[in-house]
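What follows is a short report on a single structure.
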Amino acid sequence: MSGRLGNIFTLVALCASLGSTGPVLAQSGDGILASANRCLLPATDIDGVVTRLQADAWTVTSPVPDASVEMLVWPLIAGYFASDSGGETLQTIHELQQKTMRAYTQKQDIPASKSRVLTRDTDAVHVLWRKTMTGGTEIECRFAVDAPRMQDIRTHAGLPSETGEDLKALPQINSSEAHSQRYVQITLLNRAALAQKIGQSVIADATINTYQSFGFQE
């Protein structure tokens, strides 16, 4: 891994198997993975996901403060670099995703598409619930987690406290059935290197993205 792609390290899978209904992530990181598990359970509306997260002391935040917007920029950037940077610099992408995240926070719900931002201390999660044209449901949670919260996870996975170019990568956690799919992706951030490139401090130490789809018809 080299260049700016080398600044964002992806680690997937903190346990070996993924059951159909039970927890899929090892419990560590002060409950952050328990919260991620809650996002992998079906819900008929976004309120079902939010209620589960509130049980873990997450709070719906509106209006969303700038610090939380900045935290939630990093799941977007991680997803961007997972595909193709398009030749843009990290600073340019960071500015673009700031605008994207701010637009998300101002978006109004419609019956088929809803989103919420929840916070807990400095951590933040953007929850998206969508109903598709084919009758299926998609739920995505984009967590941005600070360094203290991630320390247990780094220890559990045998990763250094300060992530450098060397990384122990594990397989992605995923499950696919006839009409449903789930996956989890964890991205570790090299905060010092990223801060140098964008010209400001980076609080997010990692992002945890969960996705599930269910109820699709053939």
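The sequence shown lines up with residues -26 to -1, 1 to 192 when you count with mature numbering (1 follows the signal peptide of the UniProt record, and there is no 0).
Glycine included, each C-beta is placed from N, C-alpha and C at the ideal position.
All of these numbers come straight from a predicted model, not from anything done at the bench.
Query                                                                                                   : Result
Buried or exposed (CB count within 10 angstroms, at least 16 for buried), Met107                        : exposed
Range of the contiguous beta strand (DSSP E) that encloses Thr18                                        : Careful: Thr18 lies outside any beta strand (DSSP E) and carries neither H nor E.
Bridge partners - Glu114, DSSP secondary structure assignment                                           : Leu102, Tyr185
Touch test, the stretch 172 to 182 against the stretch 115 to 132, Cβ-Cβ under 8 Å, three pairs minimum : yes
Cα-Cα separation between residue 208 and Met45, rounded to whole angstroms                              : This structure does not reach residue 208, given that the chain is present from -26 up to 192, and the question cannot be answered.
8 Å Cβ cutoff met for Ile172 and His100                                                                 : no
For Ser154, three-class secondary structure by DSSP                                                     : coil
Whole alpha helix (DSSP H) elements within the stretch 13 to 90, 4-residue minimum                      : 20 to 28, 40 to 57, 64 to 80
Under the three-state DSSP convention, the category Thr129 falls into                                   : helix
Close beta carbons around Thr48, own chain, < 7 Å, minus the five adjacent residues each side           : A small fix is needed here, since residue 48 is Trp in this sequence, not Thr. Around Trp48: Ala118, Leu163, Ala178, Thr181.
Own chain, CB closer than 6 Å to Tyr185, minus 5 neighbours either side, in chain order                 : Glu114, Tyr157
Through-space distance from Arg128 to Gln80, alpha-carbon basis                                         : 34 Å
Cβ-Cβ separation, Ser89 to Tyr78 (assumed contact under 8 Å), whole Å                                   : 6 Å
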